[in-house]
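The structure appears right after this line, and notes come after that.
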Amino acid sequence: MEKVVEFVALADAEIQGKWFDWDFLHVSTWSSSTVINEPSVTAPTTIGVWDEDSFYLDYSTSNYKKLPVLPHKDWRANYRQGVKVAQQPSHIVIMPDLSLILEPKPDAVYSLTADYWARPVKMTADSDTSPIPEEYERIIVARAKVMYGEDIAAADLIISGQNEYDDLLDKLEAKYLPGQSRVRRSSDTGMITVRPE
0 MEKVVEFVAL ADAEIQGKWF DWDFLHVSTW SSSTVINEPS VTAPTTIGVW DEDSFYLDYS
60 TSNYKKLPVL PHKDWRANYR QGVKVAQQPS HIVIMPDLSL ILEPKPDAVY SLTADYWARP
120 VKMTADSDTS PIPEEYERII VARAKVMYGE DIAAADLIIS GQNEYDDLLD KLEAKYLPGQ
180 SRVRRSSDTG MITVRPE
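Residue numbers (numbering that gives the first Met the number 0): 0 to 196.
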């Protein structure tokens, strides 16, 4: 039984990690207050990938300012050096460790907001729940069934689990991946009928 529980946890983490931009992993809106003369901002502990088009200063005021992302290598080559004068930041730099640098360093306290996709989290406690939407939780069981079938060399479990997994993955991707809402592929690799328009 312990193996089955582990396969369920592994299957869940694997599905979460299949795409970094699942809608169900999107976190909106993270915020942090800047510190005067301090350009560094710590990333949230659950960060997987920043939504690079979502950085704003004072988002909820009439003086809000969108912050474009300055590529790390450009910042390192052209902005990091020398004495800096504090002023209202005009760019954000995403560091390799996903922390942030405000460029230039802030001259006042601002509210920095952004969206991000959370990293996959493996279930470890009995009370843990998956971020995968409840209507598609069966995909976790299907993938765990394949893993269990491989572990005990049961071809029938592998085949039935894989068929169910493929079908549910198509549906999950169509509903919860950006730009996929009108896409639905057939998981039946048998006969496909093409109808001319």
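Just so it is clear, CB atoms sit at the ideal spot from N, CA and C, and this is done for glycine as well. For clarity, every value in this text was computed on a predicted model and none was experimentally measured.
Determine the contact status of residue i and residue j, defining contact as a CB-CB distance below 8 Å.
i           : j           : result
residue 83  : residue 104 : yes
residue 114 : residue 53  : yes
residue 170 : residue 160 : no
residue 137 : residue 167 : yes
residue 131 : residue 50  : no
residue 39  : residue 111 : no
Taking all protein chains shown into account, do 16 or more other C-beta atoms lie within 10 angstroms of the C-beta of residue i, making it buried, or fewer, making it exposed?
i           : result
residue 191 : At residue 191, the pLDDT of 49 sits below 50, so the modelled position is not reliable and the matter cannot be decided from this model.
residue 102 : buried
residue 6   : buried
residue 86  : exposed
residue 4   : exposed
residue 158 : exposed
Could you round the C-beta distance between residue i and residue j to whole angstroms and report it? I think they count as a contact, below 8 Å.
i          : j           : result
residue 68 : residue 46  : Going by Cβ atoms, the distance from residue 68 to residue 46 rounds to 15 Å, so no, they are not a contact pair.
residue 57 : residue 109 : 6 Å
State the DSSP-derived secondary structure class of residue i, mapped to helix, strand or coil.
i           : result
residue 156 : helix
residue 108 : coil
residue 127 : coil
residue 92  : strand
residue 117 : strand
residue 176 : coil
residue 99  : strand
residue 190 : Unreliable placement is indicated for residue 190, whose pLDDT of 46 sits below 50; no coordinate value is reported for it.
residue 1   : helix
residue 222 : Not covered by the structure: residue 222. The range shown for the chain is 0 to 196.
Go through the segment 8-81 residue by residue and report every complete run of the alpha helix (DSSP H) that reaches 4 residues or more, in order. 71-77
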